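Undergrad: Below is a structure I'd like to ask you about.
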Amino acid sequence: MKLELLGITKRFGAVTANEDIDLVIEPGEIHALLGENGAGKSTLMNVLYGLYTADEGHIEIDGVRQNFSGPGDAMAAGIGMVHQHFMLIPVFTVAENVALGHEPTKALGVIDIAEAKKQVLEISERFGFNIDPDALIEDLPVGAQQRVEIIKALSRDARILVLDEPTAVLTPQETDELMEIMRQLAKSGTSIVFITHKLREVKAVADRITVIRLGKVVGSAKPDAETSALASLMVGREVMLTVNKKPAAMGDVVLEVEHITVLDDRSQKAVNDVSFEVRGGEILALAGVQGNGQTELAEFLLGLRKPMGSKAKVNLNGKEITNKSVREVLESGVGFIPEDRQSDGLVSEFTIAENLMLNSSYKSRFTKGLNINFAARKLIAKELVEQFDVRTPSSETVANKLSGGNQQKVVVARELSREVILLIASQPTRGVDVGSIEFIHEQIIAERDAGKAVILISSELDEVLALADRIAVMYRGKIVGIVEPNTSREDLGKLMAGVTA
Amino acid sequence: MTTSKETEVKVGYKSPIVMGSIGLLTLVFLGLLGRDGMVAFEISRRTDSLQLPTLDIDSSLLGVLAGLAMFALAGFSLSKAIKNLKTPIWVSIVFGLVGVTALLGWLAAEKSVPIAFIAGTALVLAVPIILGAMAGIMSERVGITNIAIEGQLLTGAFMAAVVSSITDNFLFGVMAAMVTSALVSMILAVFSIKFLAQQIIVGVVLNVLVIGVTNFLYQQWLTEDAENVNFPGTMDIIKIPVLSDIPLLGPVFFENRITVFFAILIVPTIWFVLFKTRLGLRARAVGEHPLAADTVGINVGRTRFWWVTIGGSIAGLGGAALTIGNAGAFGREMSGGFGFIALAVVILGRWNPIYASLAALLFGFSIILRVWANQVSPGIPTDFITMVPYVVTIIAVVGFVGKSRPPKALAVPYVKG
Numbered sequence: 004m005k006l007e008l009l010g011i012t013k014r015f016g017a018v019t020a021n022e023d024i025d026l027v028i029e030p031g032e033i034h035a036l037l038g039e040n041g042a043g044k045s046t047l048m049n050v051l052y053g054l055y056t057a058d059e060g061h062i063e064i065d066g067v068r069q070n071f072s073g074p075g076d077a078m079a080a081g082i083g084m085v086h087q088h089f090m091l092i093p094v095f096t097v098a099e100n101v102a103l104g105h106e107p108t109k110a111l112g113v114i115d116i117a118e119a120k121k122q123v124l125e126i127s128e129r130f131g132f133n134i135d136p137d138a139l140i141e142d143l144p145v146g147a148q149q150r151v152e153i154i155k156a157l158s159r160d161a162r163i164l165v166l167d168e169p170t171a172v173l174t175p176q177e178t179d180e181l182m183e184i185m186r187q188l189a190k191s192g193t194s195i196v197f198i199t200h201k202l203r204e205v206k207a208v209a210d211r212i213t214v215i216r217l218g219k220v221v222g223s224a225k226p227d228a229e230t231s232a233l234a235s236l237m238v239g240r241e242v243m244l245t246v247n248k249k250p251a252a253m254g255d256v257v258l259e260v261e262h263i264t265v266l267d268d269r270s271q272k273a274v275n276d277v278s279f280e281v282r283g284g285e286i287l288a289l290a291g292v293q294g295n296g297q298t299e300l301a302e303f304l305l306g307l308r309k310p311m312g313s314k315a316k317v318n319l320n321g322k323e324i325t326n327k328s329v330r331e332v333l334e335s336g337v338g339f340i341p342e343d344r345q346s347d348g349l350v351s352e353f354t355i356a357e358n359l360m361l362n363s364s365y366k367s368r369f370t371k372g373l374n375i376n377f378a379a380r381k382l383i384a385k386e387l388v389e390q391f392d393v394r395t396p397s398s399e400t401v402a403n404k405l406s407g408g409n410q411q412k413v414v415v416a417r418e419l420s421r422e423v424i425l426l427i428a429s430q431p432t433r434g435v436d437v438g439s440i441e442f443i444h445e446q447i448i449a450e451r452d453a454g455k456a457v458i459l460i461s462s463e464l465d466e467v468l469a470l471a472d473r474i475a476v477m478y479r480g481k482i483v484g485i486v487e488p489n490t491s492r493e494d495l496g497k498l499m500a501g502v503t504a
Numbered sequence: 250m251t252t253s254k255e256t257e258v259k260v261g262y263k264s265p266i267v268m269g270s271i272g273l274l275t276l277v278f279l280g281l282l283g284r285d286g287m288v289a290f291e292i293s294r295r296t297d298s299l300q301l302p303t304l305d306i307d308s309s310l311l312g313v314l315a316g317l318a319m320f321a322l323a324g325f326s327l328s329k330a331i332k333n334l335k336t337p338i339w340v341s342i343v344f345g346l347v348g349v350t351a352l353l354g355w356l357a358a359e360k361s362v363p364i365a366f367i368a369g370t371a372l373v374l375a376v377p378i379i380l381g382a383m384a385g386i387m388s389e390r391v392g393i394t395n396i397a398i399e400g401q402l403l404t405g406a407f408m409a410a411v412v413s414s415i416t417d418n419f420l421f422g423v424m425a426a427m428v429t430s431a432l433v434s435m436i437l438a439v440f441s442i443k444f445l446a447q448q449i450i451v452g453v454v455l456n457v458l459v460i461g462v463t464n465f466l467y468q469q470w471l472t473e474d475a476e477n478v479n480f481p482g483t484m485d486i487i488k489i490p491v492l493s494d495i496p497l498l499g500p501v502f503f504e505n506r507i508t509v510f511f512a513i514l515i516v517p518t519i520w521f522v523l524f525k526t527r528l529g530l531r532a533r534a535v536g537e538h539p540l541a542a543d544t545v546g547i548n549v550g551r552t553r554f555w556w557v558t559i560g561g562s563i564a565g566l567g568g569a570a571l572t573i574g575n576a577g578a579f580g581r582e583m584s585g586g587f588g589f590i591a592l593a594v595v596i597l598g599r600w601n602p603i604y605a606s607l608a609a610l611l612f613g614f615s616i617i618l619r620v621w622a623n624q625v626s627p628g629i630p631t632d633f634i635t636m637v638p639y640v641v642t643i644i645a646v647v648g649f650v651g652k653s654r655p656p657k658a659l660a661v662p663y664v665k666g
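Heads up: the protein sequence lines correspond to chains A and B, in order. Heads up: take any position in the first sequence, counting from 1, add 3, and you land on my numbering. Heads up: take any position in the second sequence, counting from 1, add 249, and you land on my numbering.
The structure is reproduced here in structure tokens:
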């Protein structure tokens, strides 16, 4: 089945997400759609899947013009999609999720659950997925959930499978497994559209690469193209893929963490008896697949969550901060870049200047008695915007008008313009363009070189390897190993999957 | 790879402690410090063809026995808790039944307890709540908060009384009730699905609107011309042959008005549709994750619309049960908060039709308990007695039922890109 997208344009208000995009997917090929976050890849695929209606252009399958008014039509035409955020219902079983929408039924519309399970098992066995059809989705690890999504698409006879950022939530091993699955599927004649921003994966698996930037196709390439060439195509200029840094000059211990156990929102142990220390002048990376306790640990360090048990102890520069409030923790010299800038990092309806003073709203350079010192704030904001290279018309611009990278720079500026002795950076470059990534990385290195202690929480292995002086790998709430940054990807991957040497 | 995530849930000792304390209270106040005199538990009614002997027992002895039985159950619960196992639901139900028996026996010292009468009346009183709760479940399972159950009941009650009186035909009355309540639901559905309005506000407005309209019509029209427009009487009681002769069960379940039979049938039907059929799976999918439902080709808006609307017609029947199924005429604001109780019952029953109906029965029981307690032992403050079932419920919900989980997309409008 040959799929063609011809001249697709999609606008959201004044923003053009896709502009005149042409894309041809040949039968049985793995076609990578490469682009930065926000380049318009997902929008394009949602147009293909009938979730959005294109403003201009159309879709052809085997030369026949299609008119999708909803995902049902796209599915009927043989297009299956594995979304970045899984379209699975957590309280349903695997079989129910797979069957949903095309349920096998007996008399009276009663679901033939035995038949549904059979379908799941059949596909699961054919590709070696190892999925229990009776398991509840919420009990499955993400890797397995993703395979359920693939089963879901295949059970609908999908001949074109769209995978939207499928590796973002996987361990390196799971990623390799997924790539193997993709190759198998392609061999059996299924075409695959593989959406990603990770160059390594594209080169490993794709047959053809189309690069998208700012909603437009900017080029196509073969997988044997130079990595740096692909990167500059994606970003639109030369980028440095490695970070230059001097060897760490380790200082005294800044943060000591002992026997920390923290519960998550569902009262389950998210962090389980964790101990570690960070020295001044070093970057300790907490690596691991998302959802293994990193978020809760960071929230605990900031004072947002309370520890369990009496053995828990946190010392910052020798002073105990175990059960201190967030304000006290911040005042004692902790800077925090939260993982979700939209919900935790910024008040998106506030201006840049207002956001910059969020954590120094009292007795600071921004204030004059009980009032805000507007003149000073304006001056400081202007300086920080320049210093941290925030691309904005003015410092009075509302935060949600900025791109992701520039929003993140505002957060970084706020945290680093204060005197801190410990910086906790949680997923500092998630969803940020490559240019901003470079800049943010430089800033983090600069903090380290100034003798500050840095905790970097990241699920991007590339970032961890580039920045860390030591890497602590978290798995199911425990630190399963603390290793040197020259450890191989493979070994790190094993640790991230809970395999300890 | 498909192993479950580790879940470390501590069961705790809440259940045995609560059970033990209530058992102790029963033993002391209903037993040792209880009232003297024999109690007769009448299983058969005096009019029944098949007469079973009454069970006679001393009131305080019953209290003591019940207290001890409750201790035994608490002990069983404790043995489970030590092994970190949850107390099974049947233990809680048996515990509740034993406690209620002791309470009835205490109230009726030197008198008799007409079990069939109490159970039957509790069921009849619970019917509007059950049907209202079904409307709530059907609506909330697809993700629409339905605060307007009260208004739907009131609409049904009004239309059933008026149309039945004018046409002199109960069937027309019932149909009118169902159709108009469905129309009220449609307003809720359209505003929430099409215009993405705040569902709670729409619900509250609908309630106020229906109360206003029916009050106005009642005053201006029904009271002026009561004989012609508000004098429907009640539907005939139907006795199902053979089944209605079964002792206790017969008079309670098989000798009722059509509204009660309908309620008895609709509850398992909704349960079946919701959990066993394609329609139900799709409805629940829409209520949990509408985008996921949309991506497999389910029309979210249409699903929501029909479930809310049909739910409304069932609430309309619940309203009819108030007038032509029980009282015999329409009265001002006669739904009297039943719609809100139904709303609570939905949550109490964890969005499950069967559990919700059991919870509704509990409310029906506590209404009749107050009336009956007043007759049988006038000296006792009845408000206090009425409180008992609710206290039991709260304890049950907090201690035994556990955290309930509403449909994930409840009250969240679905917007397509």
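Note that beta-carbon positions come from the ideal geometry of N, C-alpha and C, so glycine has one too. Since the structure is predicted, the reported quantities are computational estimates derived from the model, not experimental observations.
If the cut-off is 9 Å on Cβ atoms, which residues from the segment 523-556 of chain B count as contacting chain A, listed in chain order?
TA: 525, 526, 527, 528, 529, 530, 531, 533, 534, 537, 538, 540, 541, 542, 543, 544, 545, 546, 547, 548
Undergrad: If you count every other CB in all the chains shown that lies within 10 Å of the CB of residue 184 (chain A), and 16 or more means buried, which is it?
TA: On the first sequence, residue 184 (chain A) is found 181 positions in, with the first residue counted as 1. Taking all protein chains in view, the Cβ of residue 184 (chain A) is crowded by 16 or more other Cβ atoms within 10 Å, so the residue is classified as buried.
Undergrad: Could you tell me which chain B residues have their CB closer than 8 Å to the CB of residue 90 (chain A), listed as they occur along the chain?
TA: Along the first sequence, read from residue 1 onward, the residue named residue 90 (chain A) stands at position 87. In chain order: 538, 540, 541, 544, 545.
Undergrad: Could you work out which residues of chain B lie near residue 106 (chain A), taking near to mean beta carbons separated by less than 7 Å?
TA: In the first sequence, the residue the question calls residue 106 (chain A) occupies position 103. Going along chain B in sequence order, the residues near residue 106 (chain A) (Cβ under 7 Å) are 527, 530.
Undergrad: By Cβ distance below 6 Å, which residues in the same chain neighbour residue 426 (chain B) in space, the five residues on each side in sequence not counted?
TA: Numbered from 1 along the second sequence, position 177 holds the residue referred to as residue 426 (chain B). Once the five neighbours on either side are set aside, the close Cβ partners of residue 426 (chain B) are 405, 408, 409, 565, 568, 569.
Undergrad: Going by Cα to Cα distance, which pick from B:590, B:556, B:562, B:637 is closest to residue 390 (chain B)?
TA: By 1-based counting over the second sequence, the position of residue 390 (chain B) is 141. For the residues B:590, B:556, B:562, B:637, the minimum Cα distance to residue 390 (chain B) belongs to B:556.
Undergrad: For a cutoff of 7 Å on Cβ pairs, would you count residue 10 (chain A) as touching chain B?
TA: The sequence position of residue 10 (chain A) within the first sequence is 7, counting from 1. For residue 10 (chain A), the answer is no, since every Cβ of chain B falls outside 7 Å of its Cβ.
Undergrad: Which full runs of the beta strand (DSSP E) of 3+ residues lie inside the segment 264-335 of chain B, going along the chain?
TA: 287-291, 304-307
Undergrad: With a cut-off of 7 Å, does the C-beta of residue 382 (chain A) fall near any C-beta of chain B?
TA: Along the first sequence, read from residue 1 onward, the residue named residue 382 (chain A) stands at position 379. By this cut-off, residue 382 (chain A) is not an interface position.
Undergrad: Thinking just about the alpha-carbon of each residue, which of A:267, A:282, A:5, A:219 is nearest to the one in residue 299 (chain A)?
TA: Taking the first residue of the first sequence as position 1, residue 299 (chain A) is located at position 296. The shortest Cα separation from residue 299 (chain A) among A:267, A:282, A:5, A:219 belongs to A:267.
Undergrad: Can you give me, in chain order, the residues of the segment 474-493 of chain A that have a beta carbon less than 8 Å from any beta carbon in chain B?
TA: 479
Undergrad: Taking 7 Å as the CB-CB limit, is residue 74 (chain A) close to chain B?
TA: In the first sequence, counting from the first residue as 1, residue 74 (chain A) sits at position 71. Closer than 7 Å: yes.
Undergrad: Taking residue 494 (chain A) as part of the alpha helix (DSSP H), name the residues at either end of that continuous run.
TA: Here residue 494 (chain A) is taken as the residue at index 491 of the first sequence, counted from 1. Element bounds for residue 494 (chain A): 492-499.
Undergrad: Looking at C-beta atoms only, is the number of pairs between the segment 583-593 of chain B and the segment 361-373 of chain B that lie closer than 8 Å three or more?
TA: Taking one beta carbon from each stretch, the segment 583-593 of chain B and the segment 361-373 of chain B have fewer than 3 pairs nearer than 8 Å; the two do not touch.
Undergrad: Please say whether residue 271 (chain B) and residue 288 (chain B) have beta carbons closer to each other than 7 Å?
TA: On the second sequence, position 39 is the one that residue 288 (chain B) refers to. On the second sequence, position 22 is the one that residue 271 (chain B) refers to. Result no, Cβ atoms of residue 288 (chain B) and residue 271 (chain B) do not sit closer than 7 Å.
Undergrad: Could you give the distance in angstroms between the alpha-carbon of residue 330 (chain B) and the alpha-carbon of residue 274 (chain B)?
TA: In the second sequence, counting from the first residue as 1, residue 330 (chain B) sits at position 81. In the second sequence, counting from the first residue as 1, residue 274 (chain B) sits at position 25. Residue 274 (chain B) has its alpha-carbon roughly 22 Å from the corresponding atom of residue 330 (chain B).
Undergrad: Just to confirm, is the Cβ distance from residue 136 (chain A) to residue 123 (chain A) under 7 Å?
TA: Locating residue 136 (chain A) in the first sequence gives position 133, counting from the first residue. Locating residue 123 (chain A) in the first sequence gives position 120, counting from the first residue. Annotated as proximal: residue 136 (chain A) and residue 123 (chain A), with beta-carbon spacing under 7 Å.
Undergrad: Evaluate contact between the segment 461-468 of chain B and the segment 318-333 of chain B, counting only Cβ atoms and requiring at least three cross-stretch pairs below 8 Å.
TA: no
Undergrad: Jot down the residue ranges of each uninterrupted alpha helix (DSSP H) in the segment 576-628 of chain B, minimum 4 residues, whole runs only, in chain order.
TA: 587-597, 602-625
Undergrad: Say whether chain B places a C-beta atom closer than 7 Å to the C-beta of residue 103 (chain A).
TA: Looking up residue 103 (chain A) in the first sequence gives position 100. Yes, residue 103 (chain A) counts as interfacial toward chain B.
Undergrad: Which two residues bound the contiguous beta strand (DSSP E) that contains residue 442 (chain B)?
TA: Numbered from its first residue, the second sequence carries residue 442 (chain B) at position 193. First-last for residue 442 (chain B): 419-442, but that is the alpha helix (DSSP H), not the beta strand (DSSP E).
Undergrad: Looking at residue 479 (chain B) and residue 612 (chain B), is the spacing between their C-beta atoms short of 7 Å?
TA: In the second sequence, the residue the question calls residue 612 (chain B) occupies position 363. In the second sequence, the residue the question calls residue 479 (chain B) occupies position 230. Against a cut-off of 7 Å, the Cβ pair of residue 479 (chain B) and residue 612 (chain B) comes out as no contact.
Undergrad: Tell me, please, whether the CB atom of residue 251 (chain B) is closer than 7 Å to any CB atom in chain A?
TA: By 1-based counting over the second sequence, the position of residue 251 (chain B) is 2. The predicted model places residue 251 (chain B) with a pLDDT of 36, which falls under 50 and marks its position as unreliable; any figure quoted below should be read in that light. Chain A contact via Cβ: present.
Undergrad: Which of the three DSSP states is assigned to residue 517 (chain B) in this structure?
TA: Residue mapping note: residue 517 (chain B) aligns to position 268 of the second sequence, counting from 1. In the structure shown, residue 517 (chain B) adopts helical secondary structure according to DSSP, grouped into three states.
Undergrad: For residue 255 (chain B), which residues from the same chain have a beta carbon less than 8 Å from its beta carbon, with the 5 sequence-adjacent residues on both sides left out?
TA: The residue you call residue 255 (chain B) lines up with position 6 of the second sequence. Low local confidence applies: a pLDDT of 40 at residue 255 (chain B) is under 50, so the model's placement there is unreliable, and no value is given.
Undergrad: Check the DSSP bridge columns for residue 466 (chain B) and list the partner residues they point to.
TA: Reading the second sequence from its first residue, position 217 is the one you call residue 466 (chain B). Per DSSP, residue 466 (chain B) has no beta-bridge partner at all.
Undergrad: By the 10 Å Cβ neighbour count, where 16 or more other Cβ atoms means buried, how is residue 444 (chain A) classified, buried or exposed?
TA: Your numbering for residue 444 (chain A) matches position 441 in the first sequence. Flag for residue 444 (chain A) reads buried.
Undergrad: Could you confirm whether any beta carbon from chain B is found closer than 7 Å to the beta carbon of residue 112 (chain A)?
TA: In the first sequence, the residue the question calls residue 112 (chain A) occupies position 109. So, interface residue.
Undergrad: How should residue 191 (chain A) be labelled, buried or exposed, when 16 other C-beta atoms within 10 angstroms of its C-beta is the threshold for buried?
TA: Mapped onto the first sequence, residue 191 (chain A) falls at position 188. Result: exposed.
Undergrad: Checking contacts by CB at 7 Å: is residue 182 (chain A) closer than that to chain B?
TA: One-based indexing of the first sequence puts residue 182 (chain A) at position 179. Chain B contact via Cβ: absent.
Undergrad: Starting from the beta carbon of residue 99 (chain A), find every residue of chain B whose beta carbon is closer than 7 Å, and list them in chain order.
TA: In the first sequence, residue 99 (chain A) corresponds to position 96, counting from 1. In chain order: 530.
Undergrad: Whose CA, out of A:222, A:215, A:286, A:316, lies closest to the CA of residue 262 (chain A)?
TA: By one-based count along the first sequence, residue 262 (chain A) stands at place 259. Considering only alpha carbons, the answer is A:316.
Undergrad: Less than 7 Å between CB atoms is the rule here; does residue 48 (chain A) satisfy it with respect to chain B?
TA: Reading the first sequence from its first residue, position 45 is the one you call residue 48 (chain A). Cβ-Cβ to chain B under 7 Å: no for residue 48 (chain A).
Undergrad: For the beta strand (DSSP E) containing residue 275 (chain A), name the first residue and the last one.
TA: Mapped onto the first sequence, residue 275 (chain A) falls at position 272. Residue 275 (chain A) -> beta strand (DSSP E) spans 272-282.
Undergrad: Does residue 78 (chain A) come within less than 7 Å of chain B when only Cβ atoms are used?
TA: Start at 1 with the first residue of the first sequence, and residue 78 (chain A) comes out as number 75. For residue 78 (chain A), the answer is yes, since a Cβ of chain B falls inside 7 Å of its Cβ.
Undergrad: Kindly indicate the opening and closing residues of the alpha helix (DSSP H) around residue 535 (chain B).
TA: Here residue 535 (chain B) refers to the residue found at position 286 when the second sequence is read from its first residue. Segment 527-537, the alpha helix (DSSP H) holding residue 535 (chain B).
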